[in-house]
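For the record, in the sequence shown the residue sitting at position 50 is 525 according to my numbering, with numbers rising by one throughout. For reference, the structure is listed below as structure tokens.
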Amino acid sequence: MMRFYKKCLCCEKELVGRTDKKFCDPQCKSTYQYRKSKEKPERFYNKVDNKLKLNRKIMKEYNKGGKVTVRANILTQEGFDPNFFTHYWKNKNGDVYFFVYEFGFLKKEEHNIEKYILIKWQPYMEKAMTNIKSS
Ligand SMILES: [Zn+2]
Numbered sequence: 476m477m478r479f480y481k482k483c484l485c486c487e488k489e490l491v492g493r494t495d496k497k498f499c500d501p502q503c504k505s506t507y508q509y510r511k512s513k514e515k516p517e518r519f520y521n522k523v524d525n526k527l528k529l530n531r532k533i534m535k536e537y538n539k540g541g542k543v544t545v546r547a548n549i550l551t552q553e554g555f556d557p558n559f560f561t562h563y564w565k566n567k568n569g570d571v572y573f574f575v576y577e578f579g580f581l582k583k584e585e586h587n588i589e590k591y592i593l594i595k596w597q598p599y600m601e602k603a604m605t606n607i608k609s610s
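Structural data, given as structure tokens:
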């Protein structure tokens with residue numbers, strides 16, 4: 476599929492000649508690409524933000540009791556992505572829970588089934604988190 480542009484994407488000047496041209500000259504092209512590259516970080520942040528929001532929504536939905544165990548594939552089907560979290564907390568046993576705002580998760584394997592233990596943020600965890608940072 477070929478896309479046709481009638482105006483320069485950079486300066487919006489009417490384009491003449493080849494109908495598949497996007498810019499009037501190389502300078503407009505580089506200006507446009509520079510502008511686009513500056514927009515990219517924002518898109519990245521939006522993507523991360525959306526992932527975090529979805530993770531939080533899913534955990535909120537499944538963690539009604541404060542601490543529950545859910546099969547990993549159930550959360551994955553919902554769109555849960557464990558690579559996106561806001562902070563972590565290590566308990567006394569050395570288990571590291573990853574948190575998305577006030578909801579935490581820990582991946583566990585029981586009888587060859589991957590599960591997530593979901594917990595909620597508690598005020599006492601704040602102190603434990605400080606300990607991790609300072610050590
Ligand atoms: Zn132009």
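For glycine and all other residues, C-beta sits at the position ideal for the given N, C-alpha and C. In this text the structure is predicted, and so the values were computed from the model without any measurement.
- The C-alpha of Ala547 is placed about 14 Å away from the C-alpha of Glu536.
- The C-alpha of Leu490 is placed about 47 Å away from the C-alpha of Gln552.
- Assignment of Lys539 by DSSP, reduced to helix, strand and coil, places it in the coil class.
- Here DSSP, grouped into helix, strand and coil, assigns Thr561 to coil.
- Setting aside the 5 residues that flank it on each side, Lys496 is surrounded in the same chain by Leu490, each with a C-beta closer than 6 Å to its C-beta; the list follows chain order.
- The closest CA to that of Pro598, considering only Cys503, Lys532, Glu585, Glu577, is found on Glu577.
- Distance from the CA of His586 to the CA of Thr544, rounded to the nearest whole angstrom, comes to 14 Å.
- Under the DSSP assignment, Leu550 falls in the alpha helix (DSSP H) whose first and last residues are 547-553.
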